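Taking it in order: structure first as structure tokens, then the write-up.
Numbering (UniProt numbering), first residue to last: 1 to 363.
Next up, the structure:
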């Protein structure tokens, strides 16, 4: 039964809607975590199980957990754990407000078998399931498709890879959502604006072979990257709505083999918006391609390797295109503070009315 829940306080995603690696002999859903090729442990999940608060579950096929959330919580997998979650391709629907926050972990969520041409689809239209990764390392999303889902948040992490993911029809967070607490104005505006993926203070981000479609154009774009380094974006398709917003990144961000069609970021009509960062683009096609398609602010620069984009003077300024080490010492003394100030100012102007409108509508 889609969206079923067991027990008054267990109304989360059911195992039927969120199945994991299947144990064929027992017909149970099996979550397994690994160290390389070695399986370190398993957790059985079956929505037909009885809900017993506080009782350990999932250790055997005879005593499965009733929901995936119980399996995670009961085995303390959400924190300080390295594991791999294998998920069979299919469409899984959430019926309640479900949030999985992975902290201080190394986690891989991936379709299984890996060679399958189908993706794992999470449909959040009737229940906004959400994912957040905080202080994680060597983590990844592979073969995942999110439909009508809120912003996926990655914060303070090292080595995060998104491969063959589809983000479709993003759903903005409510301005009162608890995840907006402790966020600056720019980040909050991006999340309430319907960004598909927001990454902040993360090192070694790779987003590749992925698609973003129909995300709110204002104010943060479909893909929002803030105060990160070692960012590589490649083989992306972004269509209809938000584009790419790069802010206050510490070194050169690279974007290659990407197509952006009818996109806008930052509320300025730009497919790519760069604030206080350096962006190197190669084999990037923007439709329509005009001088306002790429916008630069706050000592930002864009280096177009192929020379095919129409860039404004703000993006090609000779000073901002030099390496950081060659710039005027006045700029290099506190580049991140200047960049963050620019981000906050720009996004405050663009996002404040949006957030206030949401609050007024909610209350």
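Glycine is no exception: its CB is placed at the ideal position from the N, C-alpha and C atoms. Just so we're clear, the structure is a prediction, and the values are computed from it rather than from any experiment.
Among the options, the one whose alpha carbon lies nearest that of residue i
i           : options            : result
residue 261 : 270, 286, 254      : 286
residue 206 : 215, 200, 161, 166 : 161
residue 143 : 131, 303, 121, 254 : 121
residue 89  : 238, 119, 313      : 119
residue 221 : 170, 210, 231      : 170
residue 290 : 304, 305, 282, 312 : 312
residue 91  : 210, 147, 239      : 147
residue 155 : 111, 131, 87       : 131
residue 201 : 124, 215, 238, 247 : 247
residue 85  : 62, 112, 101       : 112
residue 124 : 60, 150, 114, 315  : 150
Distance CB(residue i)-CB(residue j) smaller than 8 Å
i           : j           : result
residue 145 : residue 168 : yes
residue 140 : residue 163 : yes
residue 105 : residue 136 : yes
residue 270 : residue 253 : no
residue 277 : residue 300 : yes
residue 296 : residue 280 : no
residue 284 : residue 255 : yes
residue 211 : residue 240 : no
residue 216 : residue 242 : yes
Cutoff 6 Å; reference residue i; Cβ partners in own chain excluding five residues on either side
i           : result
residue 224 : 190, 195, 198, 245
residue 208 : 163, 234, 235
residue 345 : Reliability of the predicted coordinates at residue 345 is poor, the pLDDT of 48 falling under 50, and the value obtained from them is presented with this limitation in mind. Excluding sequence neighbours, residue 345 sits near nothing in its chain.
residue 257 : 234, 235, 283
residue 157 : 133, 136, 202
residue 370 : Outside the displayed span of the chain (1 to 363) sits residue 370, for which this structure offers no information.
residue 227 : 200, 201, 248
Where residue i falls: helix, strand or coil (DSSP)
i           : result
residue 171 : coil
residue 196 : coil
residue 110 : strand
residue 263 : strand
residue 65  : strand
residue 316 : helix
residue 118 : coil
residue 215 : strand
residue 223 : strand
residue 329 : The predicted model places residue 329 with a pLDDT of 38, which falls under 50 and marks its position as unreliable; any figure quoted below should be read in that light. In the structure shown, residue 329 sits in a helix (DSSP, three-state: H, G or I).
residue 162 : strand
residue 205 : strand
residue 103 : strand
residue 307 : coil
7 Å Cβ shell around residue i - same chain, five flanking residues per side excluded
i           : result
residue 229 : 203, 249, 250, 251
residue 317 : 301
residue 306 : 282, 283
residue 304 : 281, 311
Residue-chain proximity (residue i, chain B), Cβ-Cβ < 8 Å
i           : result
residue 309 : The structure shown has no chain B; it contains just one protein chain.
Neighbourhood of residue i by C-beta distance below 8 Å, restricted to the same chain and skipping five residues each side
i           : result
residue 159 : 137, 138, 139, 203, 204
Quiz item: Considering only residues of the stretch 120-159, which uninterrupted beta strand (DSSP E) runs meet the minimum length of 3 residues and lie entirely inside it, listed in chain order?
Solution: Unbroken beta strand (DSSP E) stretches of 3 residues or longer found wholly inside the stretch 120-159: 120-123, 130-134, 137-142, 144-147, 152-155, given in chain order.
**Asked** Which whole runs of the beta strand (DSSP E) in the stretch 230-301 are 3 residues long or more, in chain order?
**Response** For the stretch 230-301, the continuous beta strand (DSSP E) assignments of 3+ residues that do not extend past its boundaries occur at 232-242, 244-247, 253-264, 272-275, 278-287, 294-297, in sequence order.
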